[in-house]
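*Asks:* In my numbering, the protein residues as written are 243 to 717.
Heads up, the beta-carbon is just placed ideally off N, CA and C, and yes, glycines get one too.
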Amino acid sequence: MVYASLRMVLLLAILINLTACSSLLKTDSQPEVLDIPSQWKGSVAGATIDVRPWTEDFNDPLLNAFIDESINKNYDLEAIRSAMFMSHANARINGADQLPQISAGFNPSRNKRNSSGGFGVNSGSYTDTWRINLNINWEFDLWGKIANRVEASTLDYEASQEDFKAAYLSLAGNLGRSWADAVAAKILYQLNVDTVNNYKNNLEIIEQGYAQGIYTALDLRLMRSNFAQAQNLLYAQEVVKNNTVRTLEVLSGRYPKGELLISNQLPEITHDIPLGIPATLLARRHDVIAARRRLAAADHRVAEAKKAFLPNISLTGSVGNQTRELSDILNFNFFVWNIASNVVQPIFQGGRLWAQVDQSEATVRQAQAQYAQTALIAFQEVESFLNADKQLKKQLGTVQVSAHEGLEAELLAQEQYQSGLTDIVTLLESQRRSFETQSTLIRTRMERVQNRINLHLALGGGYAQSKPIITHDEN
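(1) Do the CB positions of residue 593 and residue 375 come within less than 8 Å of each other?
(2) Using the C-alpha atoms, what's the distance from residue 583 back to residue 551?
(3) Nearest-angstrom Cα distance between residue 522 and residue 698?
(4) Tell me whether the beta-carbon of residue 642 lies closer than 8 Å to the beta-carbon of residue 433.
(5) DSSP three-state call for residue 303: helix, strand or coil?
(6) So, for residue 676: in the same chain, excluding its five sequence neighbours on each side, which residues have a beta-carbon less than 6 Å away from its beta-carbon?
(7) Could you name the residues that DSSP lists as bridge partners for residue 554?
(8) Output the distance between the C-alpha atoms of residue 525 and residue 531, rounded to the nearest integer angstrom.
(9) Report the rounded CA-to-CA distance for residue 272 versus residue 411, giving the unit in angstroms.
(10) Which of the three DSSP states is assigned to residue 347 in this structure?
(11) Whole angstroms are fine: how far does the CA of residue 295 sit from the CA of residue 413?
(12) Since residue 368 is in the beta strand (DSSP E), which residue starts that stretch and which ends it?
(13) Among 554, 319 and 509, which residue has its Cα nearest to the Cα of residue 692?
(14) By the 10 Å Cβ neighbour count, where 16 or more other Cβ atoms means buried, how is residue 387 classified, buried or exposed?
(15) Run through DSSP, which three-state label would residue 565 get?
(16) What separation, rounded to the nearest whole angstrom, lies between the Cα atoms of residue 566 and residue 355?
(17) Check for me: the alpha helix (DSSP H) holding residue 721 runs from which residue to which?
(18) Secondary structure at residue 329, three-state DSSP: helix, strand or coil?
(19) Spatial neighbours of residue 587 within its chain, please: C-beta separation below 6 Å, excluding the five flanking residues on both sides.
(20) Could you tell me the alpha carbon to alpha carbon distance between residue 280 and residue 407, rounded to whole angstroms?
(21) Could you tell me which residues DSSP pairs with residue 355 in its beta bridges?
(22) Measure from the alpha carbon of residue 417 to the alpha carbon of each residue in 546, 633 and 316, then state which is nearest.
(23) In whole angstroms, what separates the C-alpha of residue 301 from that of residue 703?
(24) Give the C-beta separation of residue 448 and residue 462 to the nearest angstrom, bearing in mind that I take them to be a contact with Cβ-Cβ under 8 Å.
(25) Is the CB-CB distance between residue 528 and residue 400 below 8 Å?
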């Protein structure tokens with residue numbers, strides 16, 4: 243009889259709401275179609291994307307070991323990892339709503355009944371009662387409202403996974419760029435040391451020549467001035483060198499002693515990166531994937547909000563026993579049970595349900611805009627870093643010529659000055675230009691390395707650690 247009544251209630255609810263729900267469950271969250279070109283500007287058509295870890299191009303064991311150590315000790319990344327596990331737990335919490343909720347109870351009690359007219363301590367009688375019961379409550383997800391909620395939270399978790407992967411690769415890239423800063427600072431420091439030693443040797447020669455009447459006081463004072471200036475630049479560069487090393491130590495979770503062992507040379511970039519086609523970028527960039535997951539989650543929340551207009555159908559029941567003797571607590575002859583259905587149809591809630599629909603639909607529009615903007619930024623980064631990669635390659639070629647010619651000019655000016663064929667001003671100018679071009683060459687190489695890392699990241703490539711970066715066992 244109970245089951246027949248329940249079936250009748252369900253059938254009646256379906257017939258009443260069938261027409262209404264057909265208009266409530268439609269959502270349209272497709273983002274605007276971007277005008278994506280068939281190839282990157284200036285790239286070779288049909289080239290296959292290269293998604294290898296960018297560290298393979300650099301072949302620097304010290305850099306690889308540093309990144310591994312730093313990633314495992316980075317507190318910002320650990321915070322994002324914890325947020326990811328929180329999102330996973332939330333998805334599991336919502337998933338539990340799809341299952342029956344079962345609880346058990348055990349309630350022993352003792353009652354005293356006084357004898358008629360008596361208030362003495364020993365008057366009256368005691369009654370012991372033993373209760374045991376098992377309760378069940380189950381909301382039928384007839385309309386899929388709970389399923390929408392679970393799917394939305396699952397997509398949120400997937401988005402948080404992509405956030406973590408994006409943060410992981412971004413951190414590895416930042417570590418690589420900081421490493422290049424430190425190596426360049428070390429090379430520039432050595433260049434300053436060599437320059438100071440060169441000026442010191444020239445100063446000693448001029449001092450000897452001045453004592454012999456070969457060089458003038460002007461020659462001596464100009465060389466002393468340049469030597470002092472070179473020392474000043476050396477001291478300043480030493481501060482930069484030590485600070486960049488300390489930055490690396492902090493990033494790797496070490497105390498900033500300034501003693502970290504780093505490479506002596508910047509990596510050489512010997513080949514271009516195959517880029518593939520722009521359309522494939524959306525499937526590789528973790529930030530774009532995360533935005534797409536959040537858009538899909540917003541869709542499911544719209545469906546959940548619309549289904550709130552439909553009736554909630556639940557089933558409650560209990561089975562248990564109540565006896566005066568503990569020995570009879572598991573005697574099935576004393577067991578009682580009940581089962582009941584519950585159908586609740588929202589009628590008036592002051593516009594709350596419609597406001598929730600409006601809110602969820604606005605969230606979809608927001609997610610659409612964020613998805614499109616994230617995709618546009620991804621394309622912009624690739625085009626910008628690709629253009630910079632080409633320009634830095636050209637720039638490096640011209641700077642190498644300039645540095646080579648500047649060094650040769652310095653040697654020639656030094657020979658001519660010692661032979662009396664040129665003046666001190668020409669010598670000092672040639673030394674200044676040689677130092678500047680050598681410094682520019684080092685900085686250009688550093689910028690090209692850093693830009694190549696950025697290009698790898700923009701294309702969706704990154705850094706591969708030897709062990710997994712996401713494991714549920716750590717939760």
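*Replies:* The relevant details are as follows:
(1) no
(2) 19 Å
(3) 14 Å
(4) no
(5) helix
(6) 648, 649 and 652
(7) 586
(8) 7 Å
(9) Only weak support is given to the placement of residue 272: the predicted model assigns it a pLDDT of 44, under 50, and the question is left unresolved by the model.
(10) strand
(11) 14 Å
(12) 367-382
(13) 509
(14) buried
(15) strand
(16) 15 Å
(17) Because the chain is modelled from 243 through 717, residue 721 falls outside the range shown and cannot be assessed.
(18) helix
(19) 553
(20) 27 Å
(21) 367
(22) 316
(23) 16 Å
(24) 5 Å
(25) no
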